């Protein structure tokens with residue numbers, strides 16, 4: 001889980017229109033949710049699961065070729 005003081009930093013950054021936050025993880029999306037916590041996923045515009053093989057934008061899976 002993400003420590004509360006880091007959550008605050010991420011929340012502040014995610015409110016900025018100049019920066020989009022992303023996370024890259026080796027696990028699948030569900031495992032990343034479990035590891036970071038559901039409340040923290042809202043800070044990240046992009047999530048790249050399975051070492052970047054599967055991409056999500058604002059919680060929705062992007063199509064892959």
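In the working numbering, the protein residues as written are 1 to 65. No residue lacks a Cβ here, since even glycine has one placed at the ideal position from N, Cα and C. Computed from a prediction, not measured in an experiment: that's the story for all the values here.
Bounding residues of the alpha helix (DSSP H) (the contiguous stretch that carries residue 8) = Working through the chain shown from its first residue, we reach residue 8 at position 8. Looking at the DSSP string, the run of the alpha helix (DSSP H) that includes residue 8 is 4-14.
Taking Cβ positions, are residue 28 and residue 50 nearer each other than 8 Å?
-> As a working mapping, residue 28 is identified with position 28 in the chain shown. As a working mapping, residue 50 is identified with position 50 in the chain shown. Yes, these two residues count as a Cβ contact at 8 Å.
With a threshold of 16 other CB atoms inside 10 Å of the CB of residue 6, please say whether the residue is buried or exposed.
-> As a first step, residue 6 must be located in the chain shown, where it is residue number 6. Here residue 6 is exposed. Its C-beta has fewer than 16 other C-beta atoms within 10 Å.
For residue 45 versus residue 57, is the C-beta spacing smaller than 8 Å?
-> Mapped onto the chain shown, residue 45 falls at position 45. Mapped onto the chain shown, residue 57 falls at position 57. A contact, by the Cβ cut-off of 8 Å.
Straight-line CA distance for residue 20 to residue 14?
-> Locating residue 20 in the chain shown gives position 20, counting from the first residue. Locating residue 14 in the chain shown gives position 14, counting from the first residue. So the alpha carbons of these two residues sit roughly 7 Å apart.
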